[in-house]
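Residue numbers (the working numbering): 105 to 252.
All C-beta atoms in this analysis are idealised placements derived from N, C-alpha and C, irrespective of residue type, glycine included.
Encoded as structure tokens, the structure appears first; notes follow it.
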Amino acid sequence: MACICCSVTTAMPLLYDLTTVFSRSQNIKRAEGYNPDRLYVDQLGVILAFSAATQFPAGVDVFWGSMKDITTFKEFLDMLDPKEVVFIVDRGLFSQDLIKDFSDEGINYVVPLRKNSQPINLRWLRRQEAFICRNRAVRWARRPFVFS
């Protein structure tokens, strides 16, 4: 549909998220899809990408509401040089296939793991004490990362 993307600098951390806008307007191009209440309604998807360094928008894209999140993400990647960006995405985009694609392509990323994620190699982590969040112990670690 439409996209606005800025040029990115080497290893720029890019915060990526998408949202859905529901509408009853007759004057916009849209597609039907299911909303969070499982109702089949007219909707548009909006991608928002921000530079973590500058806090300015790095890209905006509008897409059909019926498109899957991962499809929109892959199309957004085609508009950038993904090797010049560190993608920081939410858990909604996590998939083993996406992680494999990122690794195979040499793309830098930060993605929260889902509880049912397959085990990953954690040997490089420097473990810290767990903290309690919502009555659950959360184990965490820190790995140094330097943006160029």
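CA-to-CA distance, residue j to residue i, given in whole angstroms
{"i": "L122", "j": "V214", "result": "16 Å"}
{"i": "V145", "j": "S127", "result": "8 Å"}
{"i": "T175", "j": "N131", "result": "25 Å"}
{"i": "T113", "j": "E188", "result": "With a pLDDT of only 47 at T113, under the threshold of 50, the placement of this residue in the model should not be trusted; the figure read from the coordinates follows. Cα to Cα, T113 sits roughly 6 Å from E188."}
{"i": "M116", "j": "K204", "result": "21 Å"}
{"i": "Q159", "j": "A241", "result": "32 Å"}
Span of the beta strand (DSSP E) around residue i
{"i": "L148", "result": "Y144 to S155"}
{"i": "N212", "result": "N212 to V214"}
Segment limits, alpha helix (DSSP H) that includes residue i
{"i": "D201", "result": "Q200 to E209"}
CB contact below 9 Å: residue i versus chain B
{"i": "R142", "result": "Chain labels in this structure do not include chain B; a single protein chain is all it has."}
Status (buried if at least 16 other CB within 10 Å, exposed otherwise) for residue i
{"i": "G210", "result": "exposed"}
Test item: CB-CB of residue i and residue j under 9 Å
{"i": "F167", "j": "L197", "result": "no"}
{"i": "L202", "j": "S155", "result": "no"}
{"i": "M171", "j": "G149", "result": "yes"}
{"i": "D165", "j": "F180", "result": "yes"}
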